[in-house]
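S.K.:
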């Protein structure tokens, strides 16, 4: 992309940038020769492409995008939350940076139970106590230091400019602000930023975030220390103390991201790189793929009742295992090799009946221990060298707990709800957990985030990135990533069509299949009911951002999910 083209894009009216995407059949994936960025918010995408055009690599662009999203996509872009970054170098070496939030030192196992011993969802979702110690700044600065080429100040410059000078509120942000009006109204610091004359900002309004700009400037000057020490840390800890939160200066000073080996597996002719624990995403994804690999999915027909039944039954079993076996590996011994064993996958599917749904009680959790022998807001970036980055980060709920840190300008997460407040009690996404995911000081809460890179060998035998993808969506992240992989690998679908295709989800409990509203014919729904499934139609929230290296003369294809307001752009 030339500078003139980029300037022309930036000059487009807001309606052109933020109009709802067209249906999949009406648009192809975006193509580019050298590099590609796909993310949920177009301004941040353009800043990432600018970095690539100036010679930066995929990590340089990713860190720039992440900090820009903290300004332009406040509902999930963040410096007050955490996430995961998966990096594959052109050499083939892969790295996974776990910058998930941690529980404060003062957190306790039963901190979200009411006097009757039942979970208090308001406390775990909408209060300062809901916030875990943020990891984004530490993780992003670590990624840039280890794998990037540009100065931190350059990566932060667009975010600082956008926060100080402001940007025009999009239709998508207007809708999110309206949907979360009640939570945001609760806190004066949030109202001061996101409201005008008592109402949430609307499309076309200017959103200026001066306090956030000052916080970002501290990071640009001092690195991670500008957030976890000094003025920012003192102000955040003081705000926590004033509002009943638990995060202290010691919690902030003690936070460290963890560099882990990427979880590696295989499906058909693809190597799969994905997220290890403390995420459940990669484990569940590979477990489901292993259960499905013996079946001829294409012969069943895409999104037929037989296909939805089979894949849902595999999802059901993997999510049951998630509830029992997955948590922070520093606090709980996970039988990882057993969970990823193909023999274990075969054992789980012995109870599969092609004509009848397996009740949740009969679908798990399984026992992977005997198989445990020695042997884990999304955006995607690929640069001209073949370096690939899949990054997913979050505040958990839209706008986190709803509270902006006073004087600092960033939203606080509500990730503490991702712990199991009580064994068997569902969190905000309906997911249940047990001892592996109980609350403990400095523990990482279990996540479903699934940043993933697929690798294939080309005609010369060289292993190259084939697809880079991930999604937001809470419990549906895993099933969203799964179905796009199946659509491309098994059904040979064009990338944009795969990303936009109707999707479905089963997470063991509640024991029903949820399907994209209006995306499945009545006869498919009825056939599923005859097999014994409870069927629920709803608005599917996953928004996949994907890049495909299609081998067609070296072209890259980028696809941003039509369910959102994102953009694919390359050069």
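Numbering (my numbering), first residue to last: 1022 to 1592. Quick reminder that beta carbons are idealized off the backbone N, C-alpha and C, glycines included.
Taking 8 Å as the cut-off, does the stretch 1276 to 1295 touch the stretch 1154 to 1165 (at least 3 CB pairs, one atom from each stretch)?
M.R.: The stretch 1154 to 1165 vs the stretch 1276 to 1295: in contact.
S.K.: Quick check: what's the CA-CA separation for residue 1583 versus residue 1333?
M.R.: Against the chain shown, residue 1583 aligns to sequence position 562. Against the chain shown, residue 1333 aligns to sequence position 312. Each residue's Cα considered, the two are about 23 Å apart.
S.K.: Could you check which residue in 1068, 1076, 1069 has the C-alpha nearest to that of residue 1405?
M.R.: Your numbering for residue 1405 matches position 384 in the chain shown. The residue with the shortest Cα to Cα distance from residue 1405 is 1076.
S.K.: Using the beta-carbon count (16 or more within 10 Å), is residue 1377 buried or exposed?
M.R.: By 1-based counting over the chain shown, the position of residue 1377 is 356. Exposed, since its Cβ has fewer than 16 Cβ neighbours within 10 Å.
S.K.: Would you check if the distance between the CB atom of residue 1106 and the CB atom of residue 1412 is smaller than 9 Å?
M.R.: Start at 1 with the first residue of the chain shown, and residue 1106 comes out as number 85. Start at 1 with the first residue of the chain shown, and residue 1412 comes out as number 391. Contact flag set, yes.
S.K.: What residue from 1264, 1089, 1196, 1168 has the CA that sits closest to residue 1606's CA?
M.R.: The structure shown does not extend to residue 1606, since the chain is modelled only from 1022 to 1592, so the question has no answer here.
S.K.: What's the gap between the Cα of residue 1451 and the Cα of residue 1530?
M.R.: In the chain shown, counting from the first residue as 1, residue 1451 sits at position 430. In the chain shown, counting from the first residue as 1, residue 1530 sits at position 509. Going by the C-alpha atoms only, they are around 7 Å apart.
S.K.: Rounded to whole angstroms, what is the Cα-Cα separation between residue 1576 and residue 1254?
M.R.: Within the chain shown, the letter at position 555 stands for residue 1576. Within the chain shown, the letter at position 233 stands for residue 1254. Their backbone Cα atoms lie some 45 Å apart in a straight line.
S.K.: Nearest-angstrom Cα distance between residue 1195 and residue 1063?
M.R.: In the chain shown, counting from the first residue as 1, residue 1195 sits at position 174. In the chain shown, counting from the first residue as 1, residue 1063 sits at position 42. So the two alpha carbons sit approximately 15 Å from each other.
S.K.: Beta-carbon within less than 8 Å of residue 1446's beta-carbon, same chain only, minus the 5 sequence neighbours each way: which residues are those?
M.R.: The residue given as residue 1446 occupies position 425 in the chain shown. Hits under 8 Å: 1139, 1140, 1453.
S.K.: Go ahead and pull the three-state DSSP assignment for residue 1404.
M.R.: Along the chain shown, read from residue 1 onward, the residue named residue 1404 stands at position 383. In this structure, residue 1404 counts as coil in the three-state DSSP scheme.
S.K.: In terms of DSSP beta bridges, what is residue 1415 paired with?
M.R.: As a first step, residue 1415 is located in the chain shown; it is residue number 394 there, counting from the start. 1103, per the DSSP bridge assignment.
S.K.: Can you round the beta-carbon distance between residue 1471 and residue 1313 to whole angstroms, since I take them to be within the 8 Å contact cut?
M.R.: Position 450 of the chain shown, counted from the first residue, corresponds to residue 1471. Position 292 of the chain shown, counted from the first residue, corresponds to residue 1313. Between residue 1313 and residue 1471 the Cβ distance is about 16 Å, and since that is not below 8 Å, they are no contact.
S.K.: Alpha carbon to alpha carbon, how far is residue 1293 from residue 1025? Give it in angstroms, no decimals.
M.R.: In the chain shown, counting from the first residue as 1, residue 1025 sits at position 4. In the chain shown, counting from the first residue as 1, residue 1293 sits at position 272. Summary for residue 1025: the model assigns pLDDT 31, below 50, so the residue's position carries little reliability, and this model does not support an answer.
S.K.: Can you give me the C-alpha to C-alpha distance between residue 1589 and residue 1068, rounded to a whole angstrom?
M.R.: For the purposes of this step, residue 1589 is identified with residue 568 of the chain shown, where counting begins at 1. For the purposes of this step, residue 1068 is identified with residue 47 of the chain shown, where counting begins at 1. Residue 1589 and residue 1068: Cα-Cα distance of roughly 12 Å.
S.K.: Return the chain-ordered ranges of every beta strand (DSSP E) run that is complete within the stretch 1078 to 1155 and spans a minimum of 3 residues.
M.R.: For the stretch 1078 to 1155, whole beta strand (DSSP E) runs of length 3 or above, ordered along the chain, are 1103 to 1109, 1115 to 1120.
S.K.: Exposed or buried, what is residue 1563 when buried is set at 16 or more other beta-carbons lying within 10 Å of its beta-carbon?
M.R.: Taking the first residue of the chain shown as 1, we reach residue 1563 at position 542. It is buried - the Cβ of residue 1563 has at least 16 other Cβ atoms within 10 Å.
S.K.: Since residue 1476 sits in a beta bridge, which residues does DSSP pair it with?
M.R.: Your numbering for residue 1476 matches position 455 in the chain shown. Answer is 1292, 1486.
S.K.: Using the three-state DSSP reduction, which class does residue 1438 fall into: helix, strand or coil?
M.R.: In the chain shown, the residue the question calls residue 1438 occupies position 417. Helix at residue 1438.
S.K.: Is the beta carbon of residue 1537 closer than 9 Å to that of residue 1323?
M.R.: As a working note, residue 1323 is residue 302 in the chain shown. As a working note, residue 1537 is residue 516 in the chain shown. Not a contact, by the Cβ cut-off of 9 Å.
S.K.: With a cut-off of 8 Å, do at least 3 Cβ pairs link the stretch 1472 to 1487 to the stretch 1519 to 1528?
M.R.: The stretch 1472 to 1487, when compared against the stretch 1519 to 1528, does not touch it at the 8 Å Cβ threshold.
S.K.: Decide if the stretch 1181 to 1191 is in contact with the stretch 1295 to 1302; the criterion is three or more beta carbon pairs, one per stretch, under 8 Å apart.
M.R.: At 8 Å Cβ cutoff, the stretches do not touch.
S.K.: Would the stretch 1556 to 1570 and the stretch 1488 to 1496 be scored as touching if the rule is three or more Cβ pairs under 8 Å?
M.R.: Output reads yes: the stretch 1488 to 1496 touches the stretch 1556 to 1570.
S.K.: Alpha carbon to alpha carbon, what distance is there between residue 1268 and residue 1274?
M.R.: Counting from 1 along the chain shown, the entry for residue 1274 is found at position 253. Counting from 1 along the chain shown, the entry for residue 1268 is found at position 247. Their Cα atoms are separated by approximately 11 Å.
S.K.: Under the three-state reduction of DSSP, which class applies to residue 1369: helix, strand or coil?
M.R.: By one-based count along the chain shown, residue 1369 stands at place 348. It is helical.
S.K.: Thinking just about the alpha-carbon of each residue, which of 1462, 1580, 1544 is nearest to the one in residue 1516?
M.R.: Within the chain shown, the letter at position 495 stands for residue 1516. Answer by Cα proximity: 1580.
S.K.: Whose C-beta lies closer than 7 Å to the C-beta of residue 1363 among residues of the same chain, with five residues either side of it excluded?
M.R.: To locate residue 1363, count along the chain shown from 1; it is residue 342. Contacts found: 1311.
S.K.: Closer than 6 Å by C-beta to residue 1087: which residues in its own chain qualify, once you throw out the five before and the five after it? Chain order, please.
M.R.: In the chain shown, the residue the question calls residue 1087 occupies position 66. Within the same chain, residue 1087 has close Cβ partners 1161.
S.K.: Hey, quick one: how far does the beta strand (DSSP E) through residue 1568 stretch, first residue to last?
M.R.: On the chain shown, position 547 is the one that residue 1568 refers to. Counting along the chain, the beta strand (DSSP E) containing residue 1568 begins and ends at 1566 to 1570.
S.K.: Within 10 Å of its beta-carbon, does residue 1103 have 16 or more other beta-carbons around it, so buried, or fewer, so exposed?
M.R.: Taking the chain shown and counting its residues from 1, one reaches residue 1103 at position 82. Classification for residue 1103: buried.
S.K.: Could you give the C-beta distance for residue 1591 and residue 1070, rounded to a whole number, given that I count them as a contact under 8 Å?
M.R.: The sequence position of residue 1591 within the chain shown is 570, counting from 1. The sequence position of residue 1070 within the chain shown is 49, counting from 1. Residue 1591 to residue 1070, Cβ: 7 Å. Contact.
S.K.: Does the distance from the CB of residue 1215 to the CB of residue 1205 come in under 9 Å?
M.R.: Residue mapping note: residue 1215 aligns to position 194 of the chain shown, counting from 1. Residue mapping note: residue 1205 aligns to position 184 of the chain shown, counting from 1. Result yes, Cβ atoms of residue 1215 and residue 1205 sit closer than 9 Å.
S.K.: Give me the residue from 1518, 1414, 1560 with the minimum Cα distance to residue 1535.
M.R.: As a position in the chain shown, residue 1535 is number 514, starting the count at 1. Out of 1518, 1414, 1560, 1560 has the C-alpha closest to the C-alpha of residue 1535.
S.K.: In this structure, does DSSP put residue 1590 in helix, strand or coil?
M.R.: As a first step, residue 1590 must be located in the chain shown, where it is residue number 569. Three-state result, residue 1590: strand.
S.K.: Are there 16 or more other CB atoms within 10 angstroms of the CB of residue 1389, so buried, or fewer, so exposed?
M.R.: Taking the chain shown and counting its residues from 1, the one referred to as residue 1389 is at position 368. Residue 1389 should be labelled buried.
S.K.: Can you give me the Cβ contacts of residue 1264 inside the same chain, cut-off strictly under 8 Å, excluding the 5 residues immediately before and after it?
M.R.: Taking the chain shown and counting its residues from 1, one reaches residue 1264 at position 243. Closer than 8 Å at the Cβ level, and outside the excluded window around residue 1264, lie 1148, 1149, 1424.
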